[in-house]
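**Student:** One structure is given below, represented as structure tokens, and several questions about it will come after.
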DNA sequence: CGGGGGCTTGAGGCCACTCAACGATAGTGG
DNA sequence: CCACTATCGTTGAGTGGCCTCAAGCCCCCG
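Residue numbers (my numbering), protein chains in the order written: chain A, 1123 to 1349; chain B, 1123 to 1349.
Listed below in structure tokens is the structure:
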């Protein structure tokens, strides 16, 4: 279930501009904005990849499922992130809005067309793909070899970099989402967070458990081993 | 410890040609061949990435280490594979020869130079990076959510596609390598293989345990769940 | 023939999973 | 406005799958 919003032509997407996907010589590619309600699917695995997306507001999870329902979340996409960029013709993940989410859409076709003639755009596509690859490579190490406490510590450090404002980290995702990202169960994630709380490494704010303050980042970092 | 071989100019690398990295208009980029003895390092993590490599003979493992020695192998590179292609300036894995291995080297710098002016080369670089990304994404699902038997089954299916000749799969890597690829211990890998042997799904040939015949690929595939 | 590496197999232990109960919160409808 | 319900998170108890530790075999290689 999705809600249409009129695109505001005066609000040009700055990061897309920075990426060279929009310039004055290539004034408009095809730019729309959509809103997805919490929990709704943005695209499904193996669907044709018609659009590339940028999160304007909210948060998105990308995941794969096994036939019996086991789920592995490959990445969380937060405000500013671009996702759904495939180079094959179909999506390799299912993407869902974690909370009510607004995204910008770019037609994949037009993007490829521009990249063909513009080396800078092409280089940026490669650079984004490389960043995704690097994240996946680091995550393989986490999933294959780290303990539950190390995984949760690594998760907190990653999220701290990406969404901490004024010292408070407001997680949009549930314990189950975190668990499926880290290859754990939600109970194990909860226990690890409680343990970090007991150790004085983090604190909870308010009455939902999703607002976290990191009290001792150094100690937290020491729990997540270097690679 | 590495051994130099004279490059044979008459033996042009076909797959590099196919990738558009060598063409008659770009006759020679900078092509050398090196040989690495079993167990030697080709490059280390965080070393500057001066070359890109193609396996001509042998096999290579790419891995990351945690500070306490835990190892995660991200990929095996077999004959024909290209590896060491980073878009940053440094390698993100350590690469080692699993057996005596011959590789071709391409200077990264010259590759980037060519890509700048040749859209097809640029597209091929992107396509290779995308393939690596797809492999890593699938491997995250395996590492995060599959059982030991499913992992080993998936490994056998992958290797069967890549190196089976005349029905026989001759694995170059040890049980420990397989374990570090699958996020398991070598004992667990061994037990899973024994189980598949008992089930009549695979057979061993000869007196080392690395030559395997897949007797029932359908049953094997049913053990590795679809994603 | 001795040494070492690789592989298998067994026994026991532990970490994460499963199952369950409970409290808190938010959303829903009477 | 308040029960009712569903969802989310925490915590406890017990289980189990994979890990750890160990022994032994085979093969290769000196």
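C-beta atoms are modelled at their ideal positions from N, C-alpha and C, and glycine is treated no differently.
Out of 1190(A), 1328(A), 1273(A), 1212(A), point me to the one whose CA is closest to residue 1346(A)'s CA.
**Tutor:** 1273(A)
**Student:** Check whether chain A comes within 8 Å of residue 1298(B), counting only Cβ atoms and requiring the distance to be less than that.
**Tutor:** no
**Student:** Among the candidates 1168(A), 1270(A), 1201(A), whose CA atom is the shortest distance from the CA of residue 1177(A)?
**Tutor:** 1201(A)
**Student:** Give the range of the alpha helix (DSSP H) segment to which residue 1314(B) is assigned.
**Tutor:** Start and end: 1308 to 1320.
**Student:** On the three-state DSSP scale, how would you describe residue 1336(B)?
**Tutor:** Three-state result, residue 1336(B): strand.
**Student:** Give the single residue among 1225(B), 1210(B), 1338(B) whose Cα lies nearest to the Cα of residue 1160(B).
**Tutor:** 1225(B)
**Student:** Let me confirm a value: residue 1190(B) is counted as buried when at least 16 other C-beta atoms fall within 10 Å, else exposed. Which label applies?
**Tutor:** exposed
**Student:** Is it the case that the region 1213 to 1228 of chain A contacts the region 1238 to 1254 of chain A, given that we only count it when at least three CB pairs across the two stretches are under 8 Å?
**Tutor:** no
**Student:** Chain B partners of residue 1265(A), CB-CB under 8 Å?
**Tutor:** 1262, 1265, 1266, 1305
**Student:** Please report how far the alpha carbon of residue 1195(A) lies from the alpha carbon of residue 1264(B), in whole angstroms.
**Tutor:** Taking the straight line from one Cα to the other gives about 12 Å.
**Student:** Look at the Cβ atom of residue 1248(A), then the Cβ atom of residue 1247(B), and state whether they are nearer than 8 Å.
**Tutor:** yes
**Student:** Which ranges does the beta strand (DSSP E) cover as unbroken runs of at least 3 residues, wholly within the region 1222 to 1284 of chain B, from first to last along the chain?
**Tutor:** 1223 to 1229
**Student:** Would DSSP call residue 1290(B) helix, strand or coil?
**Tutor:** strand
**Student:** Could you tell me whether the Cβ atoms of residue 1164(B) and residue 1182(B) are closer together than 8 Å?
**Tutor:** yes
**Student:** Short of 8 Å in beta carbon distance, which residues of its chain neighbour residue 1286(B), apart from the five on each side in sequence? Order them along the chain.
**Tutor:** 1336
**Student:** Between the region 1193 to 1221 of chain A and chain B, which residues of the former have CB atoms less than 8 Å from a CB of the latter, in chain order?
**Tutor:** 1193, 1194, 1196, 1208, 1209, 1210, 1214, 1215
**Student:** Quick one: residues in its chain with C-beta nearer than 7 Å to the C-beta of residue 1281(A), no 5 flanking neighbours on either side, listed in chain order?
**Tutor:** 1291, 1293
**Student:** Could you say which of 1303(B), 1180(B), 1232(B), 1188(B) lies nearest to residue 1260(B) if we only look at CA atoms?
**Tutor:** Comparing Cα-Cα distances from residue 1260(B) to each of 1303(B), 1180(B), 1232(B), 1188(B), the minimum goes to 1303(B).
**Student:** Using DSSP with H/G/I as helix, E/B as strand and the rest coil, what is residue 1204(B)?
**Tutor:** strand
**Student:** Measuring only between beta-carbons, confirm whether residue 1344(A) sits less than 8 Å from chain B.
**Tutor:** no
**Student:** Among residues of its own chain, excluding the 5 on either side of residue 1322(A), which ones have a beta-carbon nearer than 7 Å to its beta-carbon?
**Tutor:** Contacts found: 1337, 1338.
**Student:** Answer yes or no: do residue 1268(A) and residue 1258(A) have a C-beta to C-beta separation smaller than 8 Å?
**Tutor:** no
**Student:** Closest to residue 1332(A) by CA distance: which of 1311(A), 1310(A), 1296(A) is it?
**Tutor:** 1296(A)
**Student:** Looking at residue 1166(A): is its Cβ nearer than 8 Å to the Cβ of residue 1213(A)?
**Tutor:** yes
**Student:** Quick one: using the 10 Å Cβ neighbour count with 16 as the cut-off for buried, is residue 1217(A) buried or exposed?
**Tutor:** For residue 1217(A), the number of other beta carbons within 10 angstroms of its own is at least 16, and it is reported as buried.
**Student:** Give the residues of chain A in contact with residue 1255(B), contact being defined as C-beta atoms less than 8 Å apart.
**Tutor:** 1251, 1254, 1255, 1258
**Student:** Would you mind reading off the limits of the alpha helix (DSSP H) that contains residue 1298(B)?
**Tutor:** 1297 to 1304
**Student:** When the Cα of residue 1313(A) is compared with those of 1271(A), 1325(A), 1327(A), 1340(A), which residue comes out closest?
**Tutor:** 1271(A)
**Student:** Could you tell me whether the Cβ atoms of residue 1325(A) and residue 1319(A) are closer together than 8 Å?
**Tutor:** yes
**Student:** Relative to the alpha-carbon of residue 1278(A), which residue among 1227(A), 1173(A), 1315(A) has its alpha-carbon at the smallest distance?
**Tutor:** 1315(A)
**Student:** Compare the C-alpha of residue 1233(B) against each of 1256(B), 1185(B), 1255(B), 1209(B) and name the closest.
**Tutor:** 1209(B)
**Student:** Is DSSP giving residue 1130(B) helix, strand or coil here?
**Tutor:** Residue placement at residue 1130(B) cannot be trusted, given a pLDDT of 37 that sits under 50; what the coordinates show is reported in the next sentence. It is coil, neither helix nor strand.
**Student:** Taking 8 Å as the threshold (beta carbon to beta carbon), is residue 1283(B) in contact with chain A?
**Tutor:** no
**Student:** Reducing DSSP to helix, strand and coil, say where residue 1324(A) ends up.
**Tutor:** strand
**Student:** Buried or exposed: which applies to residue 1342(B), given that a residue is buried once 16 or more other Cβ atoms fall within 10 Å of its Cβ?
**Tutor:** buried
**Student:** Which residues in chain B have a C-beta closer than 9 Å to the C-beta of residue 1172(A)? List them in chain order.
**Tutor:** In chain order: nothing, as chain B lies at least about 17 Å away.
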